[in-house]
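Since the structure comes first, as structure tokens, the remarks are kept for the end.
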Amino acid sequence: MGIRINLDRLLFDQQLTLTELADRVGLTIVNLSILKTNKAKAIRFSTLEALCRELKCQPGDLLEWVPERSRK
Amino acid sequence: MCITVGLAAALLATVIAAMAALVKRDPSMTVMVPVSFSMDAPTAVRLGRSGFGFEILNPKQAANREGRWRIDSVDGSLKVATSSRVFILANALIVIVILAFALYVVGQLRGVVRTVGAGQPFVPENALRIRRVALALIAGELAGSAIVFAENYYAMTYVPVAGLQFDAWPSVDVASIGYGLIILVIAEVFRIGTRLDEEQSLTI
Numbered sequence: 882m883g884i885r886i887n888l889d890r891l892l893f894d895q896q897l898t899l900t901e902l903a904d905r906v907g908l909t910i911v912n913l914s915i916l917k918t919n920k921a922k923a924i925r926f927s928t929l930e931a932l933c934r935e936l937k938c939q940p941g942d943l944l945e946w947v948p949e950r951s952r953k
Numbered sequence: 008m009c010i011t012v013g014l015a016a017a018l019l020a021t022v023i024a025a026m027a028a029l030v031k032r033d034p035s036m037t038v039m040v041p042v043s044f045s046m047d048a049p050t051a052v053r054l055g056r057s058g059f060g061f062e063i064l065n066p067k068q069a070a071n072r073e074g075r076w077r078i079d080s081v082d083g084s085l086k087v088a089t090s091s092r093v094f095i096l097a098n099a100l101i102v103i104v105i106l107a108f109a110l111y112v113v114g115q116l117r118g119v120v121r122t123v124g125a126g127q128p129f130v131p132e133n134a135l136r137i138r139r140v141a142l143a144l145i146a147g148e149l150a151g152s153a154i155v156f157a158e159n160y161y162a163m164t165y166v167p168v169a170g171l172q173f174d175a176w177p178s179v180d181v182a183s184i185g186y187g188l189i190i191l192v193i194a195e196v197f198r199i200g201t202r203l204d205e206e207q208s209l210t211i
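Put into structure tokens, the structure is as follows:
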């Protein structure tokens, strides 16, 4: 798909742990890990909204398109 | 589990019987084989596969046959007392293949049941397993017809019974083929469902 989730960087910027973020956005750590490791196939607008709210960022900061070759 | 054990036991027993026939100098046995046939006596009773059929009669035939009936299309088995090693081994081989085939199908179904028990039936392997069962059903029916045809051919050549003719054509049960095709469609629906389920579970 070539879409990468920059959750690590945004968590670091906000000085948050994955557990704290999971609590705040109402997701399980398992689901947040799927998102963080780029294994997710789709993201709901409601999830995106909650993440942007808690990480104080825009969707474009969270999602990044990466050409297939450079992903590998 | 019981079915698997029963099939495995039957398979083992057949292999042992085949080995005995191979080793013994004079292997006399009674072999029961599936056949289809027709009978002339007493009033042209024909036996073979069951089913519906319509025959349009002209007025003369209608007058002759009015009120008459005959049994038509019934399957049967033939018991042959033989010491022919080739006949015994050929039939033992057929039974071994049938039992191995049945074990394979039961194994596939057990795989499906296991995932249902585990609460995760929507896995890609299950679509493949259901597809295999469908193909096995179709192949089994075709192979069964071929076996009956071959047994009829043997009986025609070596079993002379007055007033009884073995069928000289293979008879395929269209319903079984139809069931197989229906299961194939279900397998395809299941495959798509599995993909949707995977997508759903990976939507965060």
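Just so you know, the protein sequences line up as chains A and B, in that order. The numbers in this note's numbering rise by one with no breaks, and the one at position 35 of the first sequence is 916. The numbers in this note's numbering rise by one with no breaks, and the one at position 47 of the second sequence is 54. Virtual Cβ for every residue (Gly too), placed ideally from N, Cα, C. Because the structure is a prediction, the values reported are computed rather than measured.
Beta-bridge partners of S84 of chain B (DSSP): B:P41.
Membership of F173 of chain B in the beta strand (DSSP E) is indicated by the continuous run 171-173. In this structure, I211 of chain B sits away from A931 of chain A, with a CB-CB distance that is not shorter than 8 Å. Here A923 of chain A carries a strand assignment [DSSP, helix/strand/coil]. In the DSSP annotation of this structure, L908 of chain A is not part of any alpha helix (DSSP H), being labelled neither H nor E. Around the beta carbon of F893 of chain A, fewer than 16 other beta carbons sit within 10 angstroms, so the residue counts as exposed. I95 of chain B has its alpha-carbon roughly 8 Å from the corresponding atom of M36 of chain B. Identification of residues in the region 901-930 of chain A having a C-beta nearer than 8 Å to some C-beta of chain B yields L908, N912, L913, I915, L916, K920, A921, K922, A923, I924, R925, T928, given in sequence order.
Fewer than three beta-carbon pairs drawn from the region 170-188 of chain B and the region 198-208 of chain B are found closer than 8 Å, and the two stretches are therefore not classed as touching. Between V38 of chain B and V87 of chain B, the C-beta gap is smaller than 8 Å, which places the two residues in contact. Three or more Cβ pairs closer than 8 Å define a contact, and the region 138-154 of chain B meets that threshold against the region 181-191 of chain B. The Cβ atoms of I10 of chain B and V113 of chain B sit closer than 8 Å to each other.
For V22 of chain B and T89 of chain B, the gap between their C-alpha atoms comes out near 18 Å. Counting along the chain, the unbroken alpha helix (DSSP H) around I190 of chain B starts and ends at 181-208. Short of 6 Å from the beta carbon of V119 of chain B, and not among the five residues preceding or following it, lie these beta carbons of its own chain, in chain order: N133, R136. Contact between V42 of chain B and S84 of chain B holds: their C-beta atoms lie close to 7 Å from each other, under 8 Å.
Around the beta carbon of S152 of chain B, 16 or more other beta carbons sit within 10 angstroms, so the residue counts as buried.
Here the region 928-947 of chain A lies against the region 883-891 of chain A, with 3 or more beta-carbon pairs under 8 Å apart. Counting only Cβ-Cβ distances below 8 Å, T210 of chain B has contacts in chain A at A921, K922, A923, I924, R925, in chain order. Nearest Cα to A17 of chain B within the set B:K31, B:I145, B:A107, B:G124: B:A107. Close partners of E206 of chain B in chain A (Cβ separation under 8 Å): K922, A923.
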